[in-house]
Ligand code: PHE
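In this note's numbering, the protein residues as written are 3 to 360.
Written out as structure tokens, the structure is:
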């Protein structure tokens, strides 16, 4: 019997030592296969005395079962170890930033437009778009700026080759033509904002030939100046994050609005330091007014039934004021050091719930 005990410990040690599925298979064949050690012992049974044969047979069967079970267990352990190694090598840390290899920032222009859209979107405005290469008629004539109007000269327009007021194309000088396109394509009530690029032939510390505006337009049966004021006061206070920001409406002139106003916000300039909020000074930030009835009529809207208000603001200007960016030209120099300083994290999307500037 001690032979069997020896054989058992020898075989189990071999099973334990097997370091691959192949060596384990070799162990199985050498123990349980046709020419295996246990099989050989089985063959010897016939030469034994009946008593001995029975005891030996039982012992060999038990040994066979033990070795087979040990091999099965080892196989499972090996499969587990293999899976664990695979899981470990393919491990992904899902808490890492989405793209650790990129170092991008959101440009202050994009961020500011997102902020404006977040504030006005919350008030129910929808985003509208129009082309940057615009018909003269949409950019000027329909907005009550006929060919001989002095306001045309003020716009420093980039004209594209072409003849006459109606055939000629321009790079849009403001986002106001989106007002026209919206009013011609959609029935009132309307409540839209149109952010986008605009172009004027001008270049110094406060002008670049390409810049951005956001246009706003509301048209409904009972829209009045009070709505215009409430909307823009709320907007200015939300955008600059100053709850009691002084906002002033100063009479002005635009051909497409009547009456027209420019909006100033309160500020201080003391000891060379500029601050937005209460103070003794004012700063102009946008133009607005009640849509001129002539413009409504140009778009096929009955001005005896409908009225509206519109506003337009410079995106670079309000971004410079809020983020303390001193020179407009730096926006378009594509200097990565500038972008790293003034840019915003990709996942910091402005919204009115989480706050505009996380
Ligand atoms: N389009 C005007 C500009 O570029 C701004 C404006 C828009 C004024 C809408 C009034 C109403 O200066």
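For glycine and all other residues, C-beta sits at the position ideal for the given N, C-alpha and C.
Here the structure is a predicted model, which means the values were calculated and not measured.
Using a threshold of 8 Å, state whether the C-beta atoms of residue i and residue j are closer than that.
i: residue 184; j: residue 173; result: no
i: residue 245; j: residue 239; result: yes
i: residue 202; j: residue 157; result: yes
i: residue 195; j: residue 293; result: no
i: residue 44; j: residue 62; result: yes
i: residue 145; j: residue 178; result: yes
i: residue 20; j: residue 76; result: yes
i: residue 120; j: residue 354; result: yes
i: residue 39; j: residue 32; result: yes
i: residue 265; j: residue 288; result: yes
i: residue 278; j: residue 110; result: no
i: residue 273; j: residue 281; result: no
i: residue 358; j: residue 232; result: no
i: residue 26; j: residue 70; result: no
i: residue 219; j: residue 310; result: yes
i: residue 213; j: residue 316; result: yes
i: residue 352; j: residue 116; result: yes
i: residue 221; j: residue 303; result: yes
i: residue 79; j: residue 17; result: no
i: residue 127; j: residue 182; result: no
i: residue 337; j: residue 207; result: no
i: residue 250; j: residue 284; result: yes
Determine the burial state of residue i: buried for a count of at least 16 other Cβ atoms within 10 Å of its Cβ, exposed for fewer.
i: residue 215; result: buried
i: residue 318; result: buried
i: residue 163; result: exposed
i: residue 217; result: buried
i: residue 360; result: Any reading at residue 360 needs caution, since the residue's pLDDT is 47, under 50, leaving its predicted position unreliable; the model's value is listed next. It is exposed - the Cβ of residue 360 has fewer than 16 other Cβ atoms within 10 Å.
i: residue 342; result: exposed
i: residue 259; result: buried
i: residue 131; result: exposed
i: residue 85; result: exposed
i: residue 46; result: exposed
i: residue 271; result: exposed
i: residue 308; result: buried
i: residue 291; result: buried
i: residue 298; result: buried
i: residue 136; result: buried
i: residue 205; result: exposed
i: residue 322; result: buried
i: residue 187; result: exposed
i: residue 94; result: exposed
i: residue 190; result: buried
i: residue 83; result: exposed
i: residue 50; result: exposed
i: residue 230; result: buried
i: residue 197; result: buried
i: residue 159; result: buried
Check each candidate in the options and name the one with the smallest Cα separation from residue i.
i: residue 107; options: 349, 84, 354 and 353; result: 349
i: residue 118; options: 11, 324 and 347; result: 324
i: residue 161; options: 69, 60, 138 and 148; result: 138
i: residue 122; options: 304, 175, 93 and 313; result: 313
i: residue 200; options: 334, 226 and 134; result: 134
i: residue 67; options: 182, 115, 13 and 198; result: 13
i: residue 209; options: 69, 71, 332 and 105; result: 332
i: residue 224; options: 6, 305 and 351; result: 305
i: residue 154; options: 6, 256 and 91; result: 256
i: residue 175; options: 254, 211 and 124; result: 211
i: residue 171; options: 303, 142, 197 and 147; result: 142
i: residue 295; options: 320, 207, 261 and 286; result: 261
i: residue 114; options: 301, 188 and 320; result: 320
i: residue 9; options: 29, 53, 284 and 99; result: 29
i: residue 228; options: 241, 263, 74 and 276; result: 263
i: residue 5; options: 241, 58 and 198; result: 58
i: residue 241; options: 275, 48, 89 and 124; result: 124
i: residue 300; options: 148, 55 and 236; result: 148
Compute the minimum distance between the beta carbon of residue i and the heavy atoms of the ligand COA, and state whether it is under 7 Å.
i: residue 153; result: Among the ligands in the structure shown, the ligand COA does not appear; only the ligand PHE can be found there.
Any beta carbon from chain D within less than 8 Å of residue i's own beta carbon?
i: residue 186; result: This model lacks chain D altogether, as it is built from one protein chain only.
Give the DSSP bridge partners of residue i, in chain order.
i: residue 40; result: In the DSSP output, where bridge partners are listed per residue, residue 40 has none listed.
i: residue 212; result: 201
i: residue 352; result: Partner(s): none; residue 352 has no beta bridge.
i: residue 136; result: 172
i: residue 336; result: None; residue 336 has no bridge partner.
i: residue 309; result: 222
i: residue 346; result: 108
i: residue 192; result: 221
i: residue 277; result: 270
i: residue 264; result: 252 and 289
i: residue 161; result: 172
i: residue 259; result: 256 and 293
i: residue 206; result: 209
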